[in-house]
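Notes follow once the structure below has been shown.
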Amino acid sequence: MSSGGPSRRVRADAERSTARILEAAEDVLAEDPNAPLERIADAAGVARATVHRRFSSRTALLDALAAHLNERYLRALAETRVATAPPLVALQRLTETIFDLKLCHRFAIQLDAAITPEVLAGVDLLFERLRDAGVITSADPVWCRRVYLALLHEVNDLSADSPTLTALHAGSEVEARINLLVGTVIGALGGTDTTNGLLVRPSLAGD
1 MSSGGPSRRV
11 RADAERSTAR
21 ILEAAEDVLA
31 EDPNAPLERI
41 ADAAGVARAT
51 VHRRFSSRTA
61 LLDALAAHLN
71 ERYLRALAET
81 RVATAPPLVA
91 LQRLTETIFD
101 LKLCHRFAIQ
111 LDAAITPEVL
121 AGVDLLFERL
131 RDAGVITSAD
141 PVWCRRVYLA
151 LLHEVNDLSA
161 DSPTLTALHA
171 GSEVEARINL
181 LVGTVIGALG
191 GTDTTNGLLV
201 RPSLAGD
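Residues 1 to 207, numbered by the UniProt record's numbering, are exactly what the sequence shown covers, in order.
What follows is the structure, encoded as structure tokens:
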């Protein structure tokens, strides 16, 4: 019988408690960015000493939240296939994923450390491909990315009953936000909105 069994169980328990702490931190800090670690421990259902053992300081906890979100960003870039899928399709998929992340990570999404150079490079690559495909004319991918992220923030902040969203007559609020962002970004970067007010959902098999 392997002597590593109990050790593996201890590690698994530690990973589960860490995940609960991070999940609780997202919820608590989204409501109160200045909430103490003790309140996060209560929300996670763990002893306060456990939080301090897993995260030596508030900064360590914030770094962990940023790292977790960065992993999600990188996974999104891989899943949307920004390097190989038709670039407009990849832009729509990436936009949908980011809106989902904004809902699930309302606090961590504000942490600059969550957007690493690797993530930025993936977004820049997408805008290079959009330019090469003739979807946009702007030649600077860094500028394109900055425009995209700024407009993403503005579209995300629109109320659900905003005339700007409801006028799109999309199938859902999320689709309306995607259509609005994609169409506006393409227009701002010297292209033509090819969505025609409708979210394009091509099958993965057709890429």
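Every residue, glycine too, gets a C-beta built ideally from N, C-alpha and C. Note that the structure is predicted; figures quoted are calculated from it, not measured.
What would DSSP say about residue i, mapped onto helix, strand or coil?
i	result
S17	helix
A12	helix
I115	coil
A83	coil
A121	helix
L189	coil
F107	coil
P33	coil
G183	helix
Suppose the cutoff is 6 Å on Cβ atoms and the five residues either side in sequence are ignored; what does the same chain contact list for residue i look like?
i	result
A176	L165, L168 and A170
I98	none
Y148	V185
A188	V147
A43	A24 and V28
T192	none
Around the Cβ of residue i, are there at least 16 other Cβ atoms within 10 angstroms (buried) or fewer (exposed)?
i	result
residue 213	The requested residue 213 does not occur in the structure, where the chain is confined to residues 1 to 207.
G190	exposed
E15	exposed
P117	exposed
V28	buried
H105	buried
A19	exposed
R11	exposed
A35	buried
E26	buried
P141	buried
Just curious, the alpha helix (DSSP H) that residue i is in, first and last residue?
i	result
A43	L37 to A44
A170	It is not in any alpha helix (DSSP H) - A170 carries neither H nor E in the DSSP assignment.
T59	R58 to E79
L152	P141 to D157
A49	R48 to R54
For residue i, collect the residues of the same chain with a Cβ closer than 7 Å to its Cβ; drop the 5 residues on either side in sequence, then sort them by chain order.
i	result
V62	The amino acid occupying residue 62 in the given sequence is Leu; Val does not appear at that position. Excluding positions up to five away in sequence, the list reads L111.
R93	T80
A58	Position check: residue 58 holds Arg in this sequence, whereas Ala was assumed. L37, listed in sequence order.
Is the shortest distance between the beta-carbon of residue i and the beta-carbons of chain B less than 7 Å?
i	result
A76	The structure shown has no chain B; it contains just one protein chain.
Should the region 41-54 be called in touch with the region 76-88, which here means at least 3 C-beta pairs below 8 Å? no
Evaluate contact between the region 115-130 and the region 71-80, counting only Cβ atoms and requiring at least three cross-stretch pairs below 8 Å. yes
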